[in-house]
Amino acid sequence: MNKNRTRVRFAPSPTGYLHVGGLRTALYNYLFAKQSGGDFILRIEDTDQNRYVEGAVENLIKTLKWVGLEYDEGPNKEGSVGPYFQSKRLDFYNKYANQLLEQGDAYRCFCTPERLSDLKEQQQKAKLPQAKYDKHCLNLSKEEIEKNIVDGISYVIRLNVKPGDSVIINDVVRERVEFSRDVIDDQVLIKTDGFPTYHMANVVDDHLMGITHVIRGEEWLSSTPKHILLYNAFGWKIPIFAHLPLLLNADRSKLSKRQGDVAVEDYKLKGYLKEALINFVALLGWSTSDNDEFFNMNDLIEKFSLERIHKAGAIFNVEKLDWINAEHLRKQDKNIILNMLKEILAESKYKDIEFTDEYLLLVIEGMIERVSFIKDYIDNSTYFFERPNVYDEEVISKRWKDDSVKLLENYAAKISGLNNPTKEDFEIALKQVAEEAECGAGRIIHPVRVATSGVGIGPGVYDLLFILGKDEVIARINKAIKIIPELKSKLG
RNA sequence: GGCCCUAUGGUGUAAUUGGUUAACACAUCGCCCUUUCAAGGCGAAGAGUACGGGUUCAACUCCCGUUGGGGUCACCA
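Residue numbering for the first sequence follows the numbering used here, beginning at 976 and increasing consecutively.
Structure follows, in structure tokens:
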């Protein structure tokens, strides 16, 4: 392990899904690592046995892979500093906890949960500014401690915060942040079950894993002094910290499940492109000095910088995500869109119908400027996948005239004589029919659009007709002229 | 409540670190283009930088205070 090499980590606890805030944290870590040629490490913080969720880790890894954040070291990808599950690193934590014990920087605490909650209650009643552990067990004699251990009384190991100077955090985003020592609690380092708390585990692991930069959410800022105290007690080098602004709901509260989707998986399911999600989330709290906003992963790797991270929390604005999604969709390779379209077709009511790639590609091309999501192809242009069963009444009222049937019959007759008509052939034929009937082209364009698509919106008519093909167009016209006049008379 | 972070149009963000008419994007509205709808182009409206004091020739930028928002005060991360 090269000492000068940048090493960062994303260290989620496996709660079941990847939060979009977590995605952004992971992304910033990834971008920072990649642009400096460093390592991006995934470490699973599973030290809470009560919070075990079946399949959570697998899901997390799958999702990270989907968005393209591949880690250099982590579960199933062992590096030299594993294992990458904290639950498998208990020996390390115990070893270092013992060191702290010996140094007097930590002590065993045998207090019962009852005493602790009573203490808290008393302190609250006494209107103390802050509830803190009273260091009761720090004063236990060697003999008392021995006896308690022999008696099998369970205990935790606490950090011994001694009086002294303020603890100063030098944060890349927030610059200098100062904490008075007397607001720092004697945090539990090792729980009664022998597992470490986050504070202990993350410091030990970050050091052992050679982490140079700790990039994490702002919610960790207020416990960072404890971590610094630990680094100091061990005599370890303190990593560079960067605390990221939080992601917020529309009402500025912390982004929560209650007010919308928070899982990356939710957005995936809704049809967002990974490129869009990455691009959007990157812009939540970070920007370039120029006006660019459309980025792919490589652009981001090149342009990202910790120094340009914004300080205040950012509202997760889905409207802009939608726009970015549409932008990425339009720039996406057509064959990739084709595959995605085939995938959702296979799950749609059209799953049993065969469409050629050639046909679908034409549909994609025709609709590309009109969709924001892949599913829009199906939702907004059903007529490419089935004959219209209903005809938009508003369009009928406005565009269907007494001569529409006649004109459509003429048009159908005209194109039936064409051999493999091109888009231009459809256009020329239509103009001829209009000329013969001495009317404007619009007199045919609009009726033929509703007749063949059922709606008044969509690609250019000639594109529409060409994509559908001559036979289908004629069939649809024949169907429509039997149904629409009746509908028209009903509409009055 | 204590401690900490934070504050630029509705939203995301800029502003050469004190000197611009406070810029860009999304959303909104209008026009052009297109015999549709989009996309695209052009334009409009929308903040005088949370508020109040300072410092300075000059403050969104620095200082102090206030207010709002957020985080954190677990044997959860």
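For every residue, glycine included, the Cβ atom is placed at its ideal position computed from N, Cα and C.
Keep in mind the model is a prediction, meaning the values are calculated, not measured.
At which residues does the alpha helix (DSSP H) containing residue i begin and terminate?
i, result
"D1014", "No alpha helix (DSSP H) contains D1014, which is instead part of the beta strand (DSSP E) from D1014 to L1017."
"E1410", "K1398 to E1411"
"Q1010", "V995 to Q1010"
"V1042", "A1031 to V1042"
"I1159", "I1159 -> no alpha helix (DSSP H), and no H or E assigned at all."
"P1460", "K1445 to L1466"
"E1368", "E1368 to R1374"
"E961", "This structure does not reach residue 961, given that the chain is present from 976 up to 1467, and the question cannot be answered."
Could you give the distance in angstroms between the alpha-carbon of residue i and the alpha-carbon of residue j?
i, j, result
"A1247", "S1228", "Here residue 1247 is Tyr; the residue named in the question, Ala, does not match the sequence. Roughly 24 Å between the two C-alpha positions."
"D1140", "R1149", "20 Å"
"H1421", "W1298", "30 Å"
"G996", "L1044", "14 Å"
"S1428", "F1279", "46 Å"
"G940", "E1153", "This structure leaves residue 940 out entirely; the chain is present only between 976 and 1467."
"A1289", "P1220", "7 Å"
"D1241", "A1251", "14 Å"
"S1464", "A1238", "51 Å"
"R1151", "S1198", "15 Å"
"L1115", "A1101", "25 Å"
"K1457", "Y1366", "12 Å"
"A1455", "A1426", "5 Å"
"A1412", "E1369", "25 Å"
"Q1098", "A1106", "6 Å"
"I1036", "K1117", "47 Å"
"E1410", "I1343", "32 Å"
"L1134", "I1190", "24 Å"
"N1394", "A1404", "12 Å"
"R980", "A986", "19 Å"
For residue i, which of helix, strand or coil comes out of DSSP?
i, result
"P1434", "coil"
"V1380", "helix"
"Y1082", "strand"
"D1267", "coil"
"E1282", "helix"
"D1180", "helix"
"V1261", "Inspection of the sequence shows that residue 1261 is occupied by Trp rather than by Val. Note: W1261 maps to strand in three-state DSSP."
"I1144", "strand"
"F1154", "strand"
"K1052", "strand"
"A1387", "helix"
"L1316", "helix"
"A1501", "Absent from the structure is residue 1501, since the part of the chain shown begins at 976 and ends at 1467."
"P1422", "helix"
"F1255", "helix"
"L1134", "strand"
"F1170", "coil"
"A1301", "helix"
Beta-carbon within less than 7 Å of residue i's beta-carbon, same chain only, minus the 5 sequence neighbours each way: which residues are those?
i, result
"K1295", "F1255"
"F1085", "C1112, N1123, I1128 and Y1130"
"A1257", "L1002, F1270 and L1275"
"I1203", "V1142, I1144 and I1213"
"W1195", "H1218"
"S1391", "I1449"
"L1183", "V1056 and F1067"
"E1302", "F1269"
"E1193", "H1218, L1219, P1220 and L1221"
"Y1005", "F1015 and L1044"
By Cβ distance below 6 Å, which residues in the same chain neighbour residue i in space, the five residues on each side in sequence not counted?
i, result
"D1047", "D1014 and F1015"
"F1360", "Y1325"
"V1430", "D1367"
"G991", "V1028 and A1031"
"I1186", "R982, R984 and P1214"
What residue range does the beta strand (DSSP E) around residue i cover?
i, result
"F936", "With the chain represented from 976 up to 1467, any question about residue 936 goes unanswered, as that position is not in the structure."
"H939", "Since the first and last residues shown for the chain are 976 and 1467, residue 939 lies out of range."
"L1164", "V1163 to I1165"
Might you give, ordered along the chain, the residues of its own chain that have their beta carbon closer than 8 Å to the beta carbon of residue i, omitting 5 neighbours on each side?
i, result
"F1441", "L1337, P1396, T1397, K1398 and F1401"
"I1339", "K1309, I1312, L1313, L1316 and Y1352"
"N1385", "V1408, E1411 and A1412"
"T1167", "S1129, Y1130 and V1131"
"K1406", "A1416"
"V1346", "A1301, L1304, Y1352 and N1355"
Sorry if obvious, but does the Cβ on residue i come closer than 8 Å to a heavy atom of the ligand ZN?
i, result
"G1435", "In the structure shown, the ligand ZN is absent, as is every other ligand, since no ligand is present at all."
Report the residue ranges of all alpha helix (DSSP H) runs contained in full by the stretch 1318-1359; include only those spanning at least 4 residues, in chain order. 1332-1342 and 1350-1355
Completely contained alpha helix (DSSP H) runs for the stretch 1206-1233, where each covers 4 or more residues: none
For the stretch 1063-1131, which segments carrying the beta strand (DSSP E) assignment without a break, of at least 3 residues, lie completely within its bounds, in sequence order? 1081-1084
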